[in-house]
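Inspection log for the structure reproduced underneath, given as structure tokens.
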Ligand code: GDP
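Residue numbers (this note's numbering): 629 to 956.
Given below as structure tokens:
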């Protein structure tokens, strides 16, 4: 039975990946902060066989301890402070966890494997936010980075240190440059979920408006459930490599509003959206669209559904959640 350790198992991707790996017959271990972390409940309900280990990306000995306990064949480093908007307010903490945390995990692997790093396959969750002020359209594995937020800068460090440990120590380390990926499990602070939840609440008469920042931003939004498969595929190849994972389509926040509000029977969303200057970011990523040709060719990976299907599925899930009896 192969063994996998997932950091960030309580997050959106962690839960999809735990379900995916458990279904493939893996013994799945998850790193969680603190004891009895309430955020672990949904993943334990979804995958009761998951074994949780306590540890923190700020604490190297705890990472070595988790690796020694799990003895994984594969490590997926998904843990991060992942909300871009927050990263200006907590720039140092974001760098500490999202950036230096990657180095600590790789160092822990060196200690755990006694410098035989290739023995454990390592996946680093890199991000399209590294492209930031994009140098070319679409973005692929060779597009230069120009991050626009402390989060993007921290992810760029994590990316390069992963590449460096592969080149320095022969680690089987892959960096997946994933474009935005969403689902009904997405945190409410991200724009897709904020809009799908907001539209559902407005349709149910629970609120009148949604406060938003820049509605002209363009993103390449895919479904998180598809993207965790790409993570796994990267670690099954003969040679480690970095891959862009994206749909290749770009949409504005306005498109997102059109689809979400139409789904709840509202044709004109303008009266329901308040523009708030506090939600405008100090530096913005205006346009992201990824070219995942390499992943399609080498991994045989491709996204399944389209953008309207994803947003409609999220609206429907929010409507169902909001109308579910409280005791359910
Ligand atoms: P990100 O790409 O990781 O930053 O994902 P987000 O979902 O947080 O943001 C996507 C885009 O939506 C960014 O360009 C934001 O500036 C834009 N946006 C506009 N209004 C909002 C808002 O109220 N909340 C968030 N999170 N993003 C917003």
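The C-beta atom is built at its ideal place from N, Cα and C for all residues, glycine as well. Fair warning: this is a prediction, and the values are worked out from it, not measured in the lab.
Inter-residue Cα distance where the pair is residue 736 and residue 679: 19 Å
Bridge-paired residues (DSSP) for residue 793: Beta-bridge pairing links residue 793 to no other residue.
Below-8 Å beta-carbon distance, residue 933 vs any chain B residue: Looking at the structure shown, chain B is missing, and only one protein chain is on hand.
Closest Cα partner of residue 783 within the set 806, 764, 864: 806
Helix, strand or coil at residue 710 [DSSP, three-state]: coil
Sufficient close CB pairs (3 or more, under 8 Å) joining the stretch 910-923 to the stretch 762-775: yes
Own chain partners of residue 955 with C-beta closer than 7 Å, once the 5 adjacent residues on each side are dropped: The predicted model places residue 955 with a pLDDT of 47, which falls under 50 and marks its position as unreliable; any figure quoted below should be read in that light. Answer for residue 955: no residue qualifies.
Alpha helix (DSSP H) runs contained entirely in the stretch 637-697, provided each spans 4 or more residues: 640-651, 669-674
Classification of residue 629 by the beta-carbon crowding that lies within 10 angstroms, buried from 16 upward: exposed
Range of the contiguous alpha helix (DSSP H) that encloses residue 887: 881-891
Residue nearest to residue 934 in terms of C-alpha spacing, selected from 878, 661, 859: 878
First through last residue of the beta strand (DSSP E) which encompasses residue 633: 631-635
First through last residue of the alpha helix (DSSP H) which encompasses residue 940: 935-951
Own chain partners of residue 778 with C-beta closer than 7 Å, once the 5 adjacent residues on each side are dropped: 715, 716, 719, 722, 723
According to DSSP, residues forming a beta bridge with residue 705: 635, 752
Cβ distance (whole Å) where residue 749 is taken to contact residue 827 below 8 Å: Their Cβ separation, rounded to whole angstroms, is 41 Å, which puts residue 749 and residue 827 out of contact at 8 Å.
Secondary structure of residue 872, DSSP reduced to three states: strand
Residue range of the beta strand (DSSP E) that includes residue 801: 801-806
Cβ pair count under 8 Å reaching 3, the stretch 843-855 against the stretch 726-740: no
Extent of the continuous alpha helix (DSSP H) to which residue 825 belongs: 819-831
Between the CA atoms of residue 924 and residue 773 - distance to the nearest angstrom: 22 Å
Identified DSSP bridge partners for residue 847: 879
Nearest candidate by alpha-carbon position, reference residue 946, set 901, 640, 746, 813: 813
Rounded separation between residue 635 and residue 910 - CA only: 30 Å
Residues of its chain near residue 894, where Cβ-Cβ distance is below 8 Å and the 5 sequence neighbours each way are ignored: 827, 830, 831, 900
As assigned by DSSP and simplified to three states, the class of residue 915: strand
Residue range of the unbroken alpha helix (DSSP H) whose run includes residue 856: 852-862
Counted within 10 angstroms of its Cβ, other Cβ atoms place residue 868 as buried (16 or more) or exposed: buried
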